[in-house]
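Taking the numbering used here, the leading residue of the sequence shown gets 446, the next gets one more, and so forth. Note that beta-carbon positions come from the ideal geometry of N, C-alpha and C, so glycine has one too.
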Amino acid sequence: MTTQGTRPETQSSGLMFPTGFVWGAATSAYQIEGSISADGRGVSIWDTFCRQDGRIVGGDHAEVAIDHYNRYAEDVRLMADLGLTAYRFSVSWPRIQPLGSGAYNTKGLDFYKRLVDELLSYGIDPWLTLYHWDLPQALEDAGGWPARDTSKRFADFAAAVHAELGDRVRNWSTVNEPWCAAFLGYASGEHAPGRREPAAAIRAAHHLNLAHGLAAQAMRAQNADSQIGGCVNLYAISPATDSEEDADAARRIDGLQNRFFLDALLKGEYPEDVLKDLGAVTDLDFIEDGDLATIAAPLDMLLINYYSRFTVSGAPGGAQSASAAPTDSGSPWVGSEHVGFVNGGRPVTGMGWEIDGSGLREVLDRLVAEYPRLPLYISENGAAFDDVVAEDGTIHDPERAAYIDTHLRVCHDAIETGIPLRGYFAWSLMDNFEWAWGYGKRFGLVYVDYETQIRTMKSSALWYADTIRHGGLLGPAE
Ligand code: FCB
């Protein structure tokens, strides 16, 4: 590990965060671990997907990824150098339960025990996500998330992991971004398993919600002290104009992206208008009596991944998608495929995602106004940019620090006005395998040389470390 870099000249902005605010960074198993055949790990849907032609830009795969499976101790030291108070990671289901049902793999579980113990030895609080998209292939072969049984398999898995790690991990979340797992996995096919079956995607969405509820219940039954949350990716949504068709487009996208998940998890119901939109695609009789009560099992917190705003149009011949997939894919917007995603005119990140801190504020305001009050955490927020390694080996990425600064200012303001926001996790700790985009998009605070696996803190990492040490915002990074 090297930590050279230009430490920006910083000055306090006077914007301090409350004592106990959680300063974190996040990763996910498939994006960093590699070692996909080590120590008895089973096959995941992403292993299979990466082997198919045309799925991942450049034919990239995650067989080695950033070798975190072998380098976790070095990576935890990096986190300690950054001063993180918490680290959000996910466990790989096929590493722990190779076939997704039946036998558990002790060696797989042991890896996470070692990781957690290492974190705890530095005083870093482990935040464990049970599912970040790497379904065991055997479960996909049995129907995948469109099959109801997968939810039950997940609850069993959650209970087993919680029984083993619940003594040393306090903060648990179930499914990362069920919208992506359902609609990118089963409708657009941009993500594994790459199916393009809109009706199946709706079933998957419901079963991912059900999986969340069943898992939360199972963990709660074991240990009442665990803090359990759901994790959703929320967007601010604006209509492109004040026309009726654009208002309808905004209603639809907000419905499918945000309310379908929030209403289920936090109110125990699906929004009527969304059920109507989806009912035009398929009958919804797979939603069984009692499911929504299960899904709405009481939570201790909500984890929010926020990246951007969508501006949408319902005008015929709708505009190009702002979040176009890098590979040949269909639409993830089941039942609302006609909606266009319009350029809102804001500066964009390396993903083409518009940078809009005000959207985060809208999301937080809406949660407080429309849903039961519970502690909120930003569990992902960050940006890809085309990093350049200077001749002296440093990586100067002020635009990434500025992105995080913008959103942290919103967080600070939200807390000042009484929103129960308790922590922030930057996405991502390190550069990694960005799904269908392969290694071309770098989100890390820490630069990874994919040839040598050498980690180097970017200037944004040094800025974030200063911010954490200070406990508040500094002047913008140079
Ligand atoms: C989120 C995912 C995460 C990463 C970031 C950029 O949707 O949870 O794995 O891909 O986007």
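Check: residue i C-beta below 7 Å from any heavy atom of the ligand FCB
i: F706; result: no
i: Q476; result: yes
i: N826; result: no
i: F599; result: no
i: E642; result: no
i: N703; result: no
i: F466; result: no
i: F755; result: no
i: S473; result: yes
i: C625; result: yes
i: W538; result: no
i: E622; result: yes
i: N750; result: yes
i: F786; result: no
i: W572; result: no
i: W908; result: no
i: S668; result: The sequence as given places Asn at residue 668; Ser does not occur at that position. For the ligand FCB, not one heavy atom lies less than 7 Å from the Cβ of N668.
i: E836; result: no
i: W491; result: no
i: N550; result: no
i: E635; result: no
i: N515; result: no
Sheet register partners of residue i (DSSP bridge)
i: E799; result: V793
i: I490; result: Per DSSP, none; premise fails for I490.
i: A471; result: R533 and W872
i: N616; result: W572 and Q672
i: M746; result: G674
i: P684; result: V757
i: L919; result: S457
i: I840; result: V834
i: E825; result: N750
i: L679; result: Y751
i: F786; result: V757
i: P925; result: The structure shown does not extend to residue 925, since the chain spans only 446 to 923, so no value can be given for it.
i: N550; result: Looking at the DSSP assignment, N550 forms no beta bridge with any residue, so it has no partner.
Contact set for residue i: own chain, Cβ-Cβ below 7 Å, skip 5 residues either direction
i: L554; result: I541 and E609
i: P643; result: A632, V726 and V779
i: V719; result: G700, L701, R704 and F705
i: D773; result: G499
i: A695; result: I682, S683, P684 and V757
Close beta carbons around residue i, own chain, < 6 Å, minus the five adjacent residues each side
i: T574; result: S535, S618 and N621
i: S473; result: S535 and H577
i: A742; result: G658, A661 and Q662
i: P716; result: G700, R704 and D708
i: Y557; result: V536
i: A910; result: L527 and G528
i: T493; result: Q582
Own chain, CB closer than 8 Å to residue i, minus 5 neighbours either side, in chain order
i: L744; result: A661, I673, G674, G675, L710, L711 and L819
i: A600; result: A656, L659, A660, Q662 and A663
i: V833; result: I840 and H841
i: L564; result: V521, M524, Y532, D570 and P571
Through-space distance from residue j to residue i, alpha-carbon basis
i: M461; j: L919; result: 9 Å
i: V606; j: D612; result: 11 Å
i: L527; j: I913; result: 8 Å
i: A795; j: A548; result: The amino acid occupying residue 795 in the given sequence is Gly; Ala does not appear at that position. For G795 and A548, the distance between alpha carbons rounds to 42 Å.
i: R593; j: E690; result: 35 Å
i: T686; j: R754; result: 15 Å
i: K597; j: Q456; result: 52 Å
i: R665; j: T739; result: 13 Å
i: C495; j: A507; result: 8 Å
i: D850; j: H857; result: 10 Å
i: V808; j: L707; result: 11 Å
i: G916; j: V855; result: 15 Å
i: N654; j: A626; result: 11 Å
i: S671; j: A829; result: 33 Å
i: E861; j: A760; result: 40 Å
i: A483; j: Y475; result: 13 Å
i: A510; j: S781; result: 35 Å
i: G589; j: I800; result: 34 Å
i: T551; j: P543; result: 11 Å
i: I490; j: E815; result: 36 Å
i: R615; j: I647; result: 32 Å
i: A604; j: S546; result: 12 Å
Proximity test, residue i beta-carbon vs the ligand GDP heavy atom, cut-off 7 Å
i: F888; result: Annotation note on the ligand GDP: not contained in the displayed structure, which lists the ligand FCB as its ligands.
Original post:
Is there contact between the segment 737 to 749 and the segment 717 to 726, where contact requires at least three CB pairs shorter than 8 Å?
Top reply: no
Subject >> At least three beta-carbon pairs within less than 8 Å, the segment 502 to 510 to the segment 883 to 892 >> reply: yes
**OP:** Give a yes or no on contact between the segment 769 to 788 and the segment 574 to 586, applying the rule of three or more CB pairs nearer than 8 Å.
**Re:** no
**OP:** Would you check if the segment 865 to 875 and the segment 822 to 830 touch, i.e. whether three or more CB-CB distances between them fall below 8 Å?
**Re:** yes
Subject >> Segment contact flag, the segment 466 to 480 with the segment 511 to 523, C-beta cutoff 8 Å, min 3 pairs >> reply: yes
**OP:** Specify whether the segment 836 to 852 and the segment 891 to 911 touch according to this definition: at least 3 beta carbon pairs, one from each stretch, less than 8 Å apart.
**Re:** yes
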